[in-house]
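Undergrad:
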Amino acid sequence: MRTLTVTREKHFAGCLGTIKFYIEDANTPDIHIDGRPCRLLGKLKNGESASWPIDCGALRIFALADRASQSYCRDQYAIPAGEEDLTLCGRCHFNPANGNAFRFAGNTDTIALEQRKRGNRRGWIVLLAAILVGFLLGLFVISPLLRGITPDSANPMTFSAAGLQITLTEEFAPDHTMEGFTVCYLSPRVAVFALQEPFSLAEGFGELTAAEYGELVLEALPHGTETVTTEEDGLLYLTYEADVEGDRFFYFNTLHKTGDAFWQVCFAMPADLADTQLDTLMTWANSIRFTD
């Protein structure tokens, strides 16, 4: 056995959170990270140090904030085989995309550096999706016209803006006050928001499929939200409900991949209208087209 000492350097980024350190251990694992069985060594608060006994073989140590965010908020370090005691240090770096992840200092390991790139990419997607969800949840706090109104028939109307074409009804009108969205259309009972996320936002973003992108969108939904993901006639969408200040709302969120971007087109309404409007939402969603 030998002793490993890890110091978490004091820094403002992530200063309130605790970083957990795991070491490879096939005998007594309590978590799998990157497919490797690992056990918890211990936790460090901002500015703390700790020492732990480890085996003399070649091992990997992982640093993460929690299990839920380990796909993008973590780092790893390759410890070579040997009998001498080791000392590692690092700190959290300010980066909202990866949750201000901890980074081991002087880390040149190829696997670790590649994981950092993947983590940043995944984190940006989750962050952007969370922004969308936040806007949607907040909308109904300030838009009472969207609550409890009985649907009426209306003539179809096609809207086209920012490379998105969609056929809704004449009840809708463009809304330019909702910052953060590419396109927004409002009616007395339904809101439609579109968010374009270009592949240039992160390296390798465009390599994801629409379904993989959808998995990241799901991660950004409010904790405890029940979701259903469906692919029907080539249309990929997810549905969920959420409570906002005592009222319940329904979200029908379609996911698309074009030549240079991912798109979310989300239809939102009071939940008591969802059953009667689902066929209409499908019709509107199937009318979506993307132009240059």
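Residue numbers for the sequence shown, in this note's numbering: 4 to 295.
Glycine included, C-beta positions come from ideal geometry on N, C-alpha and C.
Put Arg119 into one of helix, strand or coil per three-state DSSP.
TA: Arg119: helix per DSSP, three-state reduction.
Undergrad: My output table needs one value for Ala84: the three-state DSSP class, helix, strand or coil.
TA: Looking at Ala84 - three-state DSSP - the assignment turns out to be coil, as it is neither helix nor strand.
Undergrad: Checking the sheet assignment: what are the DSSP bridge partners for Ala16?
TA: None, per the DSSP bridge assignment.
Undergrad: To which residues of the same chain is Gln199 closer than 6 Å at the C-beta, ignoring the five residues directly before and after it?
TA: Only Thr185, Ala264, Trp266 meet the Cβ criterion.
Undergrad: Whole-angstrom Cβ separation of Arg77 and Gly122, contact assumed at under 8 Å?
TA: Indeed they touch by this definition, with Cβ atoms about 7 Å apart.
Undergrad: Compute the Euclidean distance between the alpha carbons of Pro154 and Asp278, then round it to the nearest angstrom.
TA: Confidence in Pro154 is poor, its pLDDT being 46 and thus under 50, which makes the residue's placement too unreliable to answer from.
Undergrad: Over what stretch of residues does the beta strand (DSSP E) that includes Asn256 continue unbroken?
TA: First-last of the beta strand (DSSP E) with Asn256: 250-260.
Undergrad: With H, G and I counted as helix, E and B as strand and the rest as coil, what does DSSP make of Gln280?
TA: Reduced to three states, the DSSP call for Gln280 is helix.
Undergrad: Tell me the DSSP secondary structure of Ala208 in three-state form.
TA: Before going on, a small fix: residue 208 reads as Phe here, not Ala. Note: Phe208 maps to helix in three-state DSSP.
Undergrad: Looking at Arg63 and Tyr75, is the spacing between their C-beta atoms short of 9 Å?
TA: Contact: no.
Undergrad: Along the chain, where does the beta strand (DSSP E) containing Val193 start, and where does it finish?
TA: Where Val193 is concerned, there is no enclosing beta strand (DSSP E), given that its DSSP letter is neither H nor E.
Undergrad: Please report the straight-line C-alpha distance between Asn101 and Glu173, rounded to a whole angstrom.
TA: One C-alpha to the other measures close to 42 Å.
Undergrad: Using 10 angstroms around the beta-carbon of Val231, count the other beta-carbons present and answer buried if the total reaches 16, otherwise exposed.
TA: Flag for Val231 reads exposed.
Undergrad: Give the DSSP bridge partners of Phe24, in chain order.
TA: In DSSP, Phe24 forms a bridge with Gly45, Ala66.
Undergrad: Taking contact to mean 3 or more Cβ pairs, one atom from each stretch, closer than 8 Å, check whether the region 36-48 and the region 56-72 are in contact.
TA: With a cut-off of 8 Å, the region 56-72 and the region 36-48 count as touching, because enough Cβ pairs lie within range.
Undergrad: Between Leu189 and Ile114, what straight-line distance do the alpha-carbon atoms span, to the nearest angstrom?
TA: Cα-Cα distance, rounded: 47 Å.
Undergrad: Drop a sphere of 10 angstroms on the beta-carbon of Glu86, count the other beta-carbons inside from all chains shown, and report buried for 16 or more, exposed for fewer.
TA: Counting Cβ neighbours within 10 Å, Glu86 comes out exposed, since fewer than 16 surround it.
Undergrad: Does the Cβ of Ile34 lie closer than 8 Å to at least one heavy atom of the ligand MG?
TA: Here there are no bound small molecules, and the ligand MG is not part of this structure.
Undergrad: For my contact list, Leu3 and Val220 are in at a C-beta cut-off of 8 Å; report their separation, rounded to the angstrom.
TA: Outside the modelled stretch of the chain, which goes from 4 to 295, sits residue 3, for which no answer is possible.
Undergrad: Let's see if you can read the secondary structure: which residues bound the alpha helix (DSSP H) around Gly93?
TA: Taken as a continuous stretch (DSSP letters only), Gly93 belongs to no alpha helix (DSSP H), being part of the beta strand (DSSP E) at 89-95.
Undergrad: For the beta strand (DSSP E) that contains Glu222, what are its first and last residues?
TA: Counting along the chain, Glu222 falls outside any beta strand (DSSP E), though it belongs to the alpha helix (DSSP H) covering 213-222.
Undergrad: Please state the DSSP three-state secondary structure of Ala288.
TA: The answer is helix: DSSP assigns Ala288 an H, G or I state.
Undergrad: DSSP three-state label for Arg11, please.
TA: Here Arg11 sits in strand by DSSP.
Undergrad: For Leu7, tell me which candidate among Cys59, Gly20, Leu19, Gly17 has the shortest Cα-Cα distance.
TA: Selected option, being the one with the closest Cα: Cys59.
Undergrad: How about Arg11 and Ile26: are their beta carbons less than 9 Å apart?
TA: Their beta carbons are not under 9 Å apart, which means Arg11 does not touch Ile26 by this criterion.
Undergrad: Is Asp263 helix, strand or coil when you go by DSSP?
TA: Reduced to three states, the DSSP call for Asp263 is coil.
Undergrad: Let me know if Val195 comes out buried or exposed under the rule of 16 or more other beta-carbons within 10 Å of its beta-carbon.
TA: Label assigned to Val195: buried.
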